[in-house]
Each structure stands twice: as C-alpha cells, then as structure tokens.
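Before any comments, here is the structure.
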Amino acid sequence: MTKDKGSMTNYEYQVGGSLAADAPSYVMRQADQNLYQALKAGKFCYVLNSRQMGKSSLRVRTMQKLEKERVKCAAIDLTLIGSDNVTQPGWYMGIFYDLVRKFELSGKINKRAWWKEHESLSPVQRLSNFLEEVLLAEISDNIVIFIDEIDTVLSLEFPTDDFFALIRGCYNQRVDNPAYKRLTFCLLGVATPSVFIQDKNRTSFNIGCGIELCGFELDEAQPLAEGLLGRVDNPEIILKEILTWTGGQPFLTQKLCQIVYNACGESDFSLKPGETEKKWVEKLVRSHIVENWESQDNPEHLRTIRDRILGKGQRSIDLLRLYLQILQDKEVEANSRIEQTELRLSGLVVKRYDSLRVYNRIYETVFDHNWVAKTIVDLRPYGEALARWIDSKHQDKKWLLRGRELQEAQIWKANKDNLNLSVQDYQFLSASQELERRINQRIFRLLVLGNILFIIGLIFGFRQNISHLIEDYSAHLAAQVAGQEQFSEGGKTFFASNDNFNRQIAIEAFKQQNYSTALEFFKRAKQSNPNDPEMWIYYNNARAIQQGKPLTLAIVIPAHTDRDIALEMLRGVAQAQDSFNEQREKLQLPLLKILIANDSSDPTQAKKVARTLSRNPDVLGVIGHYTSSASNSALKEYESEGLAMISPTSTSNSLNGDVFFRTVPTNQDAAKILARYVWANKLNKVVVFYNPKDLYSQDLMDSLESSLNQHSVEISQKIDLKNLGQKANTETFLLSHVKPETNAIVLLPNTELISVAIEIARAKNNLESLKNKPLLGASALYSSEALKVGGSALEDLIVAVHWFADAPDSQDFANKAQDMWKGQVNWRTAKTYEATQAFIEALSESDQPSRSSVIEKLKTMNLSGKESVLVKVVRGEGGPQGSDFRYQLAE
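In this text, residue positions in the sequence shown follow the numbering used here: the first is -10, and each later residue adds one.
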C-alpha cells in the first residue's frame, strides 16, 4: 500500500559510486570496525573483493574516522593514472605527483624539479626516496596511503613487482627505522595478494591484514529500512524480502531499495491491497531487474559480471563449467584453484563457510542453466556437446563429435592463434577422433560383409532382403560403437542432475539384478524426492520383476532435449502403473513393467528406437512419441511388427494407421476452438507465425487456415518462425511486416522455436502500435518453462490446450495427481496417464494378452473424445515456482 512520504523526504539510496561519509544509506559492517582498528594500529591492510561491494565507500568512511584521530590520509586511484600507453617512469611519477598534492607538500618541494633531480635513480627508487626523505620528514603524524583499484596494475605493459616490493620494504624497514612505523598502506581492488608479485624468483607479497568485506546482514542493513518509512506499511518485512533476493550484495541491495521506493509512487507497481510483501518484491525484481536484464542494467552491474567471466579467453569455459556445477549441486567445496578465485572475483559466487555458492537469487535467476548452456555454445562450436560429455563423466559417447562436426572443430582449432585449450578440450577432441576411427574401421568391415552378402544373395536368390539386413546391422553397429543405449528399466537414469544417493545405490543393484536391494533403495529414493517419476517407475519395475512374468509397456520421451516435458509424461505413466500394481500385487497377478526409451524428439533416432522396441517380443504397447515428427517417423516400424502405439501428445492430422491411437485431440480440434474465439471477438484479420518445415506446426497452420476460412477471417500474413529467429531486431521486423489493420497475432511454434515465439510476444508488448492486439497460441506454449521464461510478455495470451486442471471434468484426476506429485500437473501428464490406462484396460482383457489382442481392444475404445479448451495467461499466484503468472480458463 502506498503511503505518504513522511519524514524521510531527503533520503537517497546510492546506486553505484562511492557513498559520501555522511550518507544516510551507508551500512556499517564488521569490515568497517576491522579496517579502522587495523589501520589505526599501524597494520598494512588490503580489501580485495569483487566489484560494487562497497570498497570505495568503506575507504571514504574509514578515512574520515582516521582523520578525526589526526591520522594523515591520502587515496590514490590508479585508474586515474591510466594503463593504456603509460610508461613505467610516467606511472611512478603519477603516483608521486598525487602524493605531493594530496598531502599538501607543494609548498615544501617543487614536484617537477624534485623528480628531475633524482632521474639518475630508477622510478621505484625515486618514489622510495620521496617517502623517506620528504613524506616522513615533513609529516610527523601517522600516515595511511590508500591505493584504490589496485587490480589496474594487471593491465600495465610493464611489471609492477618492484612497486609491491617497495610497499613490503616499507613494512620491513620498521625494524631499522622507527619512522616507518608511522607509514601504513591499504590496498583495495579486485585481485588476490598472490598476483601482486608475479616473479617466481622473488619473495611473494606476504604481508598485511586481509579485511573480509561481506554482504549486508539484516541487522546491519536497518538504515536502509529508514528510507522506506512512510512509503510502505512494513519496512522491516520489505527489507528482509529485498535481502532474500540480493543476498546482501551492496549494489543490488541499494538498487532494489531504490526500485521499491520509486514503485510506491507508481500505480502500476505499487503494493496492492491483499498482495503479500514477498510477492510484491518478487514482482519488482522480475519486472525491473531480471526481465530484459541487459537493457535494464543501468548503472552497469550484471553486464560487468558477465564480461569479467567471458573476458578470460580460453579460461572462460572453465569458469562456466565450475559455475554450472555450483548451480546444479547448490555448492562445491572451496579450494585455492585459480578458477574458483576468478569466479569469486567476478562476484557471481561467494564463499560461505567452506563452500562456494551462487551469491544471490538474482544472479541465479539471470545467469541460469539456459544462459550457461547458450554461452558455452557461443564460446565453442562444440561447447554444448563438450559440456554434456563432461556432465556424463566422459562416459556418454553420443556427445562426441563425428563426421562434419569433428572436421569443423578441428578447422576451428587450427585457425585459432595461440590457442590454449583446456585438458578436457583435448580429451574431448581426442576421444572424438578415436571414436571416428573405430567407426570408420567397422564401416569398412561392414562394406566387406555387404559385398559378401550381396554375392550370396545373387547365388541363392534373396537379393531384396540384403539391403534391409545391412541397414539393420549398420544401425546396431552405430549404437554399439557410439554407446547410444537409449533404453532403461532401472539400470540407468536419464536425468543425471537429480542428486539422490539412494537412487544411485538402487540403480547399481538393479544392474546387478539384485532386485530386492534395488526395491528397497528405489523406495527410499522416491520417498526423499516424491516428485521424481523415474524413481516411481523403477520402483514398480523392481516389484513387477520380483512378482514374476511382468506385463511390459514402453514409454518414449525426449529426455535429452526437453527434460521437463519428459518428466511430465513420465508422471502420467508412473501414476497409472503404481495404481495398477497396487491392486494386482494383492491378487498375486503379473504386474506392469515400464521400459523407458529416449528419442530426443529426433525423427531419425525415433525410427531406431521404434525398430528396437518392435523387435522386443516382451513389449506389448508403446506410449509416445512426443512430437508429431518423431511419431510419424516411428509409426512404420510399429506397423510392420503389429505393435500398438498410443501418443498422448502428437496432434498432427496426418498421423493415422491400424496400430496408431492417441488420447489427445487433433490439430483440427485445436484449430476449430481458436477460430471460434477469433470469430466471436470480431478479429477478422490475423497474422500467423509458424514453422513450415515442422509436421506439427505446418499441420496446425493448415487446420487453422481451413477453420478461419469458414468464419470469413483473413490470414493477412504467414511468417516463417525459423527465418525470424535469425533476425537481429524482432521489433523492427514486426513494425515492417505486421500490417496496421491486423487484429490479432497467432503463434504456432514447434518445441524448437518456443523461444522465438516468446521473443515475438516480448517485442509486441514493447511496440505501441501492437501491444493491445490479442495474442493467441497453440499447446506448445502451454508449459511451466514458457511462463517462467516469457513472464509478462505472455500476459493475456490465449492458448488452446487439450486438458486443463480447473475444467470441471478434469478436477478428479487433477486432485489425485496433486496429492501424488505435490503440485499441479498439466495436460501432458493427464493425457499420458489416459494412454497408460487405455493400455492397462486392453491388457486386462486377457489372461495372456498379445499385441493383436491389445490392438483389437483399443479399436473399441474412444480415446480422444474430449474437446480442447482455451486458457489465458494471467498475473497471480498459483503458477510455477519462479513465475508471477499462471493459466486460467478463458472466459
């Protein structure tokens, strides 16, 4: 709730730069006391930390306190002396001039003349003589010299070891010359003491007292709450929520306080009645910092962190890999390795106790897994493959390079001057070359075998079967050599980032066929992480194998390309399997076993997976595949072996056949309901973005066009999303291609182009001429990830979905699913559950079910009878974690 300004009208938060000594928003930390006491006691000190942690403000405040104690102070900012094209004598002379001026010694010596009189000495000797013969002689009080931005020396074209040796010499001379006890130095910057003297033959910079500069704690930060008095009802609560996001990082804390202060006077962002402080602060963080962060990063902070990481040349990959590990594991054990030091100095991570962690929630949200993956790809042509191979502990050979990709990587490496690749780069490229050599060797053997088989075929008259035999052998060989095992009943996991110790024990026991141990530890694994469907499935598989003669179904998921979607599908299968097995176990009847297969939504891989499943006599039915393109590629394999396939997600109208079924409405159904909405709202001219190269997207486009024609609605333009994704500026493209008379924009992306569709939505909202035009889309845009990534850009988006939890006929299953998975499920889970239930019903018809009996039963069932519904993206609670938006039924 917005309040009157009250008595704090002159209060100002400081966003960037040094705070004045009397600034009301200055936050006293333990470092203030530690530095003041150490310098007053004559100790040499250094304050070394990442940027914008308040080092300069600490220096200003400490200088003020010392000067009140009659300590003479001067601050030398090395950035003002410069680093580009500066000579070694000029650099030392710049420090000398600054000291003369700031200690007001111009009346005692002529700077220019004094420096010239001593030109027979080296620059560092001249500076040393000045300190002893002039500074200590003319000033009888204690002296502290603050040297700020000390890391600037790393950019100089000449060594500065002598400079730090001089500072150390001033300390050592205290034994022989008591006057030096009055002289103290304080170094401040983004560095570590180990880089000060880089000559390994000289003594390291081993003096001084390190002052640890931590972020703001809640009790320390109380002065910041004073600026919110009269602006909000509960300043203390607001400040606590601010620190929850910033982790006490000084710059971000000041900035977010300023954002909160300003938002109280803006109707669009002020705290609304009934809105919690937690949600309000989160809304401000996302709208003013996280969304479009690069354009909102003013003064620059997040870009500084990014540039420091990416400015390390070939070491940037090592920093990103380390950061990714911290993101995944939440923390890693701290050590003195250079990668950890550099990552800490970037400010992105912080050492707490003996571990490195991401500094705060803002950094974790901006620099998330997607950012790391994209950045690694940008830095290396093979960056993503390298990262995935490393994640697999060098075991998953499918990420190794082959063919043209390997050739391009070798050309890239050869064209880089002075390339300093990491050990893992060399291991990766070497392993890729070895794999290529082995495969080529086996292909040669295969060609020899093919010629032999061809001759035999000519002799014995079965020539037409030879090509198919060779193709089968080739596919088997490729899978065997490349290690592309895409199937599991419990002996491997498709989601390696899930950290669950019990799961690791269970999987190993399952591989050893020790099913009783596997059963016990899978049970523990699902209890410790009840939202993990893979563990539920493997637990039930162990039960089924122990019971004997299990009934087997397969589920095909896009595990390596769409992790969240794969898990959503598995939850539907797991829920149906667990319920079925619970009933059957009591009756001592065969239980259901689920074979999980991964096709990564790749049509070529889908065909190979389908062939393997079709030729496994135990598999009585297949649930999947996810995309229409993958389903279309796999279908012929299932038809040839009479294996039923129920897709819970593939909606293309062109998918049909004797063994094909689905529990999801077709694209034609979704198109009809979208067209009805367009017609009912008098939107007579629309522009459509789609992917003409994708089966799902093109099919949906055709269906929508047919339905709109029936309502006399014109599609003014059809725009290829793939081409748009290559444009530099989406806003400029929309202004030049979307005609003013257009009434609505329709987005029909396939999964690959969801990010491009979201960018269109974001650009539309930034353009006055388009921001009020309705936005419609298809089911690909209905996901938790779309809400988290799209945020406010997708507000008011109308989406046609195949199932919705709040619909009256969906609530029974939705409630049961929520109890099991501790959260709301979406249409993919529901439709996969329906597909599994359909197979269960077909399997239950006979004591000895077969593939043919399953198909016959499925033909009698109405599997996709429910119509799609329209939902709308709205702001409010109840959505996925990390988003202020959710879906609700459209009016």
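Virtual Cβ for every residue (Gly too), placed ideally from N, Cα, C. Just so it is clear, the structure is predicted and the values come from calculations on it, not from any experiment.
Open item on the list: Given a cut-off of 7 Å on the beta-carbon distance, is the pair V648 and A543 in contact?
Closed with: One thing to note: V648 has its Cβ no nearer than 7 Å to the Cβ of A543.
Task: Every unbroken alpha helix (DSSP H) within the region 684 to 722, with a cutoff of 4 residues, ordered by chain - done: For the alpha helix (DSSP H) assignment, the uninterrupted runs of no fewer than 4 residues enclosed by the region 684 to 722 are, from N- to C-terminal side, 684 to 699 and 710 to 713.
Task: Contacting residues, own chain, Cβ-Cβ under 7 Å from A879 (five flanking each side not counted) - done: Within the same chain, A879 has close Cβ partners I787, L859, V860 and K861.
Open item on the list: For the alpha helix (DSSP H) containing G766, name the first residue and the last one.
Closed with: Going by DSSP, G766 is part of no alpha helix (DSSP H) but of the beta strand (DSSP E) stretching over L764 to G766.
Open item on the list: So for Y0, helix, strand or coil by DSSP?
Closed with: Three-state DSSP puts Y0 in coil, outside helix and strand.
Open item on the list: For K682 and S421, what's the separation of their Cα atoms in angstroms?
Closed with: Each residue's Cα considered, the two are about 31 Å apart.
- [ ] Could you check the C-alpha separation between R369 and D688 for me, to the nearest Å?
- [x] Those two C-alpha atoms are separated by around 36 Å.
Open item on the list: Taking 6 Å as the limit between beta carbons, can you name the residues of its chain near K272, skipping five residues before and five after?
Closed with: Only D873 meet the Cβ criterion.
Open item on the list: Does L736 come out as helix, strand or coil in the three-state DSSP assignment?
Closed with: L736 falls in the strand class under three-state DSSP.
Open item on the list: Less than 7 Å between C-beta atoms, sequence neighbours within five positions excluded: which residues of the same chain meet that for I278?
Closed with: Excluding residues up to 5 positions away in sequence, Q285 and I351 lie with their Cβ nearer than 7 Å to the Cβ of I278 in the same chain.
Open item on the list: Which same chain residues end up closer than 7 Å to I626 when comparing Cβ atoms and leaving out the 5 residues on each side of it in sequence?
Closed with: The identity of residue 626 in the sequence shown is Glu, whereas the question assumes Ile. Here the set comprises K596, A599, R600 and S603.
Open item on the list: By alpha-carbon positions, which one of L24, K481 and A30 ends up nearest to L37?
Closed with: Comparing Cα positions, the closest option is L24.
Open item on the list: Please state the DSSP three-state secondary structure of C253.
Closed with: Correct three-state label for C253: coil.
- [ ] Taking the CB atoms as reference points, tell me whether L176 and Y35 lie closer together than 7 Å.
- [x] Yes. Within cutoff.
Task: Spatial distance of I583 from E497 (CA atoms) - done: The straight-line gap from Cα to Cα measures roughly 18 Å.
Task: Same chain, Cβ closer than 7 Å to S853, neighbours up to 5 away in sequence not counted - done: Cβ contact annotation for S853 (same chain, cutoff 7 Å, sequence separation greater than five): R651, T652, V653 and P654, in chain order.
Task: Distance, V133 Cα to G219 Cα - done: Those two C-alpha atoms are separated by around 42 Å.
Task: Residues near T51 in its chain [Cβ-Cβ closer than 6 Å; skip 5 each side] - done: L24 and Y25, listed in sequence order.
TODO: Pick helix, strand or coil for C203, following the three-state DSSP scheme.
DONE: If DSSP states are grouped into helix, strand and coil, C203 belongs with coil.
TODO: Report the option in E121, V361, R310 and E138 whose CA atom is closest to the CA atom of Q41.
DONE: Here the closest residue by C-alpha is E138.
TODO: Compute the Euclidean distance between the alpha carbons of Q162 and L125, then round it to the nearest angstrom.
DONE: Straight-line Cα distance between these residues: approximately 13 Å.
- [ ] Note down, in chain order, each residue of its chain lying with its Cβ closer than 7 Å to the Cβ of T293, except the 5 sequence neighbours on either side.
- [x] Here the set comprises R40.
Open item on the list: Taking the straight line between their C-alpha atoms, what separation do you get for F569 and K820?
Closed with: The alpha-carbon atoms of F569 and K820 are separated by roughly 17 Å.
- [ ] Kindly indicate which three-state DSSP category D130 falls into: helix, strand or coil?
- [x] D130 falls in the coil class under three-state DSSP.
Task: Length of the line joining the Cα atoms of E574 and W810 - done: Spanning the alpha carbons of E574 and W810 requires a straight line of approximately 22 Å.
Open item on the list: Which same chain residues end up closer than 6 Å to L578 when comparing Cβ atoms and leaving out the 5 residues on each side of it in sequence?
Closed with: Answer for L578: no residue qualifies.
Open item on the list: According to DSSP, simplified to helix, strand and coil, what is A887?
Closed with: Residue coverage of the chain in this structure runs from -10 to 880, which leaves residue 887 outside it and unanswerable.
Task: Whether V338 touches V347 by CB criterion (7 Å) - done: Going by C-beta atoms, V338 is nearer than 7 Å to V347.
- [ ] With M634 as the anchor, note down where its alpha helix (DSSP H) starts and where it stops.
- [x] From DSSP, M634 is part of no alpha helix (DSSP H) but of the beta strand (DSSP E) over M634 to S636.
TODO: May I ask you to check if the CB of L736 is nearer than 6 Å to at least one heavy atom of the ligand MN?
DONE: With respect to small molecules bound, the structure shown includes none, and the ligand MN cannot be examined in it.
Task: L408 in three-state terms, based on DSSP - done: Its pLDDT being 45, under 50, L408 is placed unreliably in this model, and the value from its coordinates should be taken loosely. Reduced to three states, the DSSP call for L408 is coil.
Open item on the list: Considering just the uninterrupted stretch of the beta strand (DSSP E) at D66, what are its terminal residues?
Closed with: First-last of the beta strand (DSSP E) with D66: K61 to D66.
TODO: Less than 8 Å between the CB atoms is what I'm expecting for A803 and A789, so what's the real figure, rounded?
DONE: About 19 Å; that fails the 8 Å criterion.
TODO: May I ask you to report which of helix, strand or coil DSSP gives L176?
DONE: Three-state DSSP puts L176 in a strand.
Task: 7 Å Cβ shell around A533 - same chain, five flanking residues per side excluded - done: These residues qualify, in order along the chain: P539, N570, L580, L581 and K582.
Open item on the list: Would E720 and N755 be called neighbours here (beta carbons separated by less than 7 Å)?
Closed with: In this structure, E720 places its C-beta atom within 7 Å of the C-beta atom of N755.
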